[in-house]
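**Student:** Just dropping this structure here.
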Amino acid sequence: MESLGDILRRSTPENGLGGMAYPDLHLSEEEDRLEPPACSICGDFGWVRVEVPINHPYFGKVIPCRCQQREDDPSRLARLQRYSNMGSLTRLNFQATRLEGRGADAEKLGLFREAYERSLAFAEDPQGWLVLSGPSGSGKTHLAAAIANRAVERGQPVFFVFVPDLLDHLRSTFSPTSEVSYDQFFEQVRNTPLLVLDDLGRQSTTPWAEEKLYQILNHRYTAQMPTVLTLSLPIGELDPSWQTRLGDTELVTTCPLGTTRIVGSLGHWGMVEPELRRRMTFESFDVRGNRASPSQKQNLEAALQMAVNFAKDPDGWLVFIGPRGCGKTHLSVAIANERLKLGQDVRYFLVADLLDRLRDAFSPDSTVSYYRLFEQVRTADLLILRGFDFDMQHTSPWAREKLQQLLVHRHDARLPTLITAADLGEEKRADPIFSRLQDVTLVNIMPIDAPDYRYQGRNR
47 MESLGDILRR
57 STPENGLGGM
67 AYPDLHLSEE
77 EDRLEPPACS
87 ICGDFGWVRV
97 EVPINHPYFG
107 KVIPCRCQQR
117 EDDPSRLARL
127 QRYSNMGSLT
137 RLNFQATRLE
147 GRGADAEKLG
157 LFREAYERSL
167 AFAEDPQGWL
177 VLSGPSGSGK
187 THLAAAIANR
197 AVERGQPVFF
207 VFVPDLLDHL
217 RSTFSPTSEV
227 SYDQFFEQVR
237 NTPLLVLDDL
247 GRQSTTPWAE
257 EKLYQILNHR
267 YTAQMPTVLT
277 LSLPIGELDP
287 SWQTRLGDTE
297 LVTTCPLGTT
307 RIVGSLGHWG
317 MVEPELRRRM
327 TFESFDVRGN
337 RASPSQKQNL
347 EAALQMAVNF
357 AKDPDGWLVF
367 IGPRGCGKTH
377 LSVAIANERL
387 KLGQDVRYFL
397 VADLLDRLRD
407 AFSPDSTVSY
417 YRLFEQVRTA
427 DLLILRGFDF
437 DMQHTSPWAR
447 EKLQQLLVHR
457 HDARLPTLIT
467 AADLGEEKRA
477 DPIFSRLQDV
487 TLVNIMPIDA
497 PDYRYQGRNR
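For what it's worth, my numbering labels the leading residue of the sequence shown as 47, then goes sequentially.
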């Protein structure tokens with residue numbers, strides 16, 4: 047398919063009343079000379095922006111050109127296809143769709159047939175939103191493209207775009223060399239009569255781009271404008287604002303085409319390893335320690351009781367401080383076990399690994415969304431951070447900022463958080479990142495003074 051950037055670069059900002067620019071056909075220079083625009087008003091773009099007073103209801107909006115109403119115009123189909131941004135996907139239609147699928151099992155075949163019927167009905171009468179979700183190869187893009195092509199056949203303008211491409215081009219419109227302004231492109235996407243967004247949720251983007259995407263979809267949601275979305279990940283893995291809108295059953299029809307996989311093993315990110323969960327329970331925690339003194343045994347009993355209480359009612363923050371091998375990890379995994387049994391979202395990280403993963407997700411080449419990863423950690427029902435006493439002096443300013451954002455949010459929202467550290471000396475306590483741990487109204491600190499369980503074969 048021809049890239050959206052190439053299409054937009056061929057557009058002319060002077061077309062239309064007010065200069066609305068839209069994708070143009072891929073014409074050779076000779077064809078361009080021989081076939082001038084059929085419509086002198088919009089230059090065959092089909093849409094115009096009118097010059098009206100600021101208090102006029104059409105101010106800042108685009109409206110169909112008069113040529114769009116001439117149903118007998120032989121060039122109308124070509125204009126609509128050009129505007130649709132479909133490229134090679136114009137070959138996909140309902141007539142050529144194989145309902146028997148590609149060797150799919152009976153369950154997947156049934157899901158595809160149902161999605162096909164709903165997509166066909168939507169294509170004939172686009173009302174509300176249609177969400178097609180499923181793994182790669184399930185047919186969701188095929189059905190979305192068929193809907194768009196049917197709209198063109200019916201004479202309805204439609205705009206089809208792959209979400210990562212959309213965000214790339216929104217960013218590129220701010221370049222001084224861009225031939226299409228941000229306002230022009232943004233208005234085109236926001237107000238097109240039928241919008242098809244392919245692969246929502248796959249984008250790796252900045253908060254700015256996420257905000258722009260939200261503005262587009264929120265506008266269409268509020269105005270109840272016909273919109274088709276395809277998803278290759280569970281709705282539950284989207285930003286909460288998307289989840290709320292896609293859960294509106296009065297406006298949104300959802301068609302699953304199979305079990306959606308979480309991109310980049312996102313669903314397992316921050317999960318406690320099964321082997322740890324099997325070994326490290328409250329029942330297997332030995333309060334006798336490893337040749338522990340009577341006072342050390344009492345300390346272990348107190349730590350166990352505090353962990354059990356926190357697991358039953360994780361109110362505030364709990365911090366275990368003690369030397370390596372004293373049982374901090376065992377107790378934190380045991381707490382995670384109990385909360386997981388209750389169906390809670392528990393995220394468990396070594397702090398250094400967490401920062402590395404967030405940094406990787408922030409890369410432009412990442413296949414997962416940094417925003418979604420960070421939100422999962424920030425809003426988890428229970429967050430467990432191991433190794434909190436890492437060397438902050440050799441941590442980048444970016445990593446410090448992310449860690450501070452995380453702690454400030456969970457502190458202000460009083461979200462249950464468990465932290466383990468070998469030492470939090472005076473030097474570390476003076477660091478702003480560690481200062482949240484000194485809030486006695488929220489944080490309980492439990493020092494553990496016990497010999498290393500792992501010494502002489504004792505496994506903990």
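Every residue, glycine too, gets a C-beta built ideally from N, C-alpha and C.
(1) By the three-class DSSP mapping on this structure, what secondary structure does residue 454 have?
(2) Nearest-angstrom Cα distance between residue 465 and residue 374?
(3) Considering residue 407, what are the terminal residues of the alpha helix (DSSP H) in which it resides?
(4) Assuming residue 237 contacts residue 364 (C-beta within less than 8 angstroms), just tell me the rounded distance between them.
(5) Which whole runs of the alpha helix (DSSP H) in the stretch 310–342 are 4 residues long or more, in chain order?
(6) Does the stretch 400–411 come into contact with the stretch 269–277, if we say contact requires no fewer than three beta-carbon pairs (one atom in each stretch) closer than 8 angstroms?
(7) Less than 7 angstroms between C-beta atoms, sequence neighbours within five positions excluded: which residues of the same chain meet that for residue 343?
(8) Are there 16 or more other CB atoms within 10 angstroms of the CB of residue 254, so buried, or fewer, so exposed?
(9) Determine whether the beta carbon atoms of residue 498 and residue 372 lie at a separation below 8 angstroms.
(10) For residue 268, report the span of its alpha helix (DSSP H) as first-last.
(11) DSSP has residue 467 in a bridge; who is on the other side?
(12) Helix, strand or coil: how does DSSP classify residue 205 here?
(13) The beta strand (DSSP E) that contains residue 245, what's its start and end?
(14) At which residue ranges does the stretch 166–207 contain complete alpha helix (DSSP H) runs of 4 or more residues, listed in the order of the chain?
(15) Pop quiz: residue 180 and residue 302 are said to be a contact at Cβ under 8 angstroms. What is the actual Cβ separation, rounded to whole angstroms?
(16) Report the rounded CA-to-CA distance for residue 233 versus residue 205, giving the unit in angstroms.
(17) Since residue 285 and residue 417 should fall inside the 8 angstroms C-beta cutoff, what is the C-beta to C-beta distance between them, to a whole number of angstroms?
(18) Please confirm if the stretch 380–391 is in contact with the stretch 422–430, defined as three or more CB-CB distances below 8 angstroms between the two stretches.
(19) Excluding sequence positions up to five away, which residues of its chain have a Cβ less than 7 angstroms from the Cβ of residue 495?
(20) Can you tell me whether residue 101 is buried or exposed, with buried defined as 16 or more other CB within 10 angstroms of its CB?
(21) So if DSSP puts residue 461 in a beta bridge, which residue, or which two residues, is it bridged to?
(22) Given that a residue counts as buried once 16 or more other Cβ atoms are within 10 Å of its Cβ, and exposed if not, what is residue 338?
(23) Would you identify the three-state DSSP class for residue 490, choosing helix, strand or coil?
(24) Going by the CB atoms, is the gap between residue 244 and residue 207 shorter than 8 angstroms?
(25) Run through DSSP, which three-state label would residue 441 get?
(26) What residue does the beta strand (DSSP E) around residue 274 start on, and which one ends it?
(27) Among the residues of its own chain, which have a CB less than 6 angstroms from the CB of residue 393, if the five just before and after it don't count?
(28) What does residue 393 pair with, by DSSP beta-bridge criteria?
(29) Please list, in chain order, all residues of the same chain as residue 353 whose beta carbon is under 6 angstroms from its beta carbon, the five residues on each side excluded.
(30) CA-CA distance, residue 52 and residue 230?
(31) Find out if the Cβ-Cβ distance for the pair residue 360, residue 272 is shorter than 8 angstroms.
(32) In terms of DSSP beta bridges, what is residue 301 paired with?
(33) Mapping DSSP to helix, strand and coil, what is residue 164?
(34) Can you name, in chain order, every residue of its own chain whose Cβ lies under 8 angstroms from the Cβ of residue 421, other than the five neighbours on each side?
(35) Would you call the CB atoms of residue 174 and residue 261 closer than 8 angstroms?
(36) Which same chain residues, not among the five before or five after residue 467, have their C-beta less than 6 angstroms away from its C-beta?
**Tutor:** So, from the data block:
(1) helix
(2) 9 angstroms
(3) 397–408
(4) So it is not a contact: roughly 51 angstroms between Cβ atoms.
(5) Restricting attention to alpha helix (DSSP H) runs no shorter than 4 residues, the stretch 310–342 encloses them at 320–325, ordered along the chain.
(6) With a cut-off of 8 angstroms, the stretch 269–277 and the stretch 400–411 do not count as touching, because too few Cβ pairs lie within range.
(7) Non-local beta-carbon contacts of residue 343 in its own chain, meaning distances under 7 angstroms to residues more than five positions away in sequence, involve 333, 334, 335 in chain order.
(8) When all chains shown are included, residue 254 counts as exposed.
(9) It is a contact, given that the beta carbons lie within the stated cut-off.
(10) 253–269
(11) In the DSSP output, where bridge partners are listed per residue, residue 467 has 367.
(12) strand
(13) 241–246
(14) 186–199
(15) 6 angstroms
(16) Straight through space, the alpha carbons of residue 205 and residue 233 are spaced by roughly 12 angstroms.
(17) Right, the Cβ-Cβ distance comes to about 7 angstroms (below 8 angstroms), so this counts as a contact.
(18) Result yes; three or more Cβ-Cβ pairs closer than 8 angstroms.
(19) The answer, listed in chain order, is 342, 345, 368.
(20) exposed
(21) Beta-bridge pairing links residue 461 to no other residue.
(22) buried
(23) strand
(24) yes
(25) coil
(26) 273–277
(27) 316, 423, 426, 429
(28) 429
(29) 377, 381
(30) A caution first: residue 52 carries a pLDDT of 49, below 50, which makes its placement in the model unreliable, though a value can still be read off. Near 16 angstroms, if we compare the C-alpha coordinates of residue 230 and residue 52.
(31) Not a contact, by the Cβ cut-off of 8 angstroms.
(32) 178
(33) Three-state result, residue 164: helix.
(34) 285, 286
(35) Their beta carbons are not under 8 angstroms apart, which means residue 174 does not touch residue 261 by this criterion.
(36) 367, 434, 435
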